[in-house]
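In this note's numbering, the protein residues as written are 3 to 206.
Using N, Cα and C, we set each Cβ at its ideal position, and we do this for glycine too.
Here the structure is a predicted model, which means the values were calculated and not measured.
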């Protein structure tokens, strides 16, 4: 028997009081995640940066503004999706997440994913992609190609911050968001077709 989903508000309280790793000592506040609790698309970044730590919300700096633009390429708005990170606390100096920090923090992310139950997980950057897909293959090889992790479709994409620092990634990133929009349309078409077939069978 599957265990019941934990409501997001209850999960948020657990995250806010978490002291499971040393990152809690340097945080201004935790960054739980934000967005539609019933989103069909969930974006997973790596870890909060300075602005996120101050405001308690993911993707609020320059990378966040760029993400908002990119969502439009997929026919999405920020309020349509849910955005979270692998880590809920900012690593010092924005360094990369450490394996032990990922291991300690990701049960929160797993519970968020179970509760929101999106159709597609969009992993932004190396760490979230490698965690979700349980792979060591780099984001450069995986981006823009649909994968599967259990019941979820997974769509790896470069982190928006990477395109701000490396203009060569900007075109690839924008193309991948267009592909994401096409993927969502395909899912809608498949669901409509399945519903029509079921209706026809019931009518016989």
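* So who's on the other strand from residue 95, going by DSSP bridges? -> Sequence index remark: in the chain shown, residue 95 carries index 93 (1-based). Partner(s): none; residue 95 has no beta bridge.
* For residue 94, does the count of other Cβ atoms within 10 angstroms reach 16, so buried, or fall short, so exposed? -> Numbered from 1 along the chain shown, position 92 holds the residue referred to as residue 94. Counting every other CB atom within 10 Å of its CB across the protein chains shown gives residue 94 a total below 16, marking it as exposed.
* Asked: Do you know whose CA, among 82, 53, 121, 57, lies nearest residue 190's CA?
  -> On the chain shown, position 188 is the one that residue 190 refers to. Of the listed residues, the one whose Cα sits closest to residue 190 is 121.
* Grab the span of the alpha helix (DSSP H) containing residue 15 for me, first residue to last. => Start at 1 with the first residue of the chain shown, and residue 15 comes out as number 13. Segment 10-18, the alpha helix (DSSP H) holding residue 15.
* Identify whether residue 149 lies in helix, strand or coil by the three-state DSSP scheme. => Here residue 149 refers to the residue found at position 147 of the chain shown. In the structure shown, residue 149 adopts extended strand secondary structure according to DSSP, grouped into three states.
* To do: Counting only the same chain and skipping the five closest in sequence on each side, list residues whose C-beta sits under 7 Å from that of residue 116.
  => As a working note, residue 116 is residue 114 in the chain shown. Counting only Cβ-Cβ distances below 7 Å, and skipping sequence neighbours, we find 7.
* Asked: Measuring CA to CA, which of 79, 136, 73 is closest to residue 104?
  -> Against the chain shown, residue 104 aligns to sequence position 102. Ranking 79, 136, 73 by Cα distance to residue 104 puts 136 first.
* Asked: Are the CB atoms of residue 154 and residue 86 nearer to each other than 9 Å?
  -> Here the question's residue 154 lines up with position 152 in the chain shown. Here the question's residue 86 lines up with position 84 in the chain shown. Between residue 154 and residue 86, the CB-CB gap reaches or exceeds 9 Å.
* Asked: For residue 66, does the three-state DSSP call read helix, strand or coil?
  -> What you label residue 66 is simply residue 64 of the chain shown in a count that begins at 1. Assigned with DSSP and collapsed to three states, residue 66 falls in helix.
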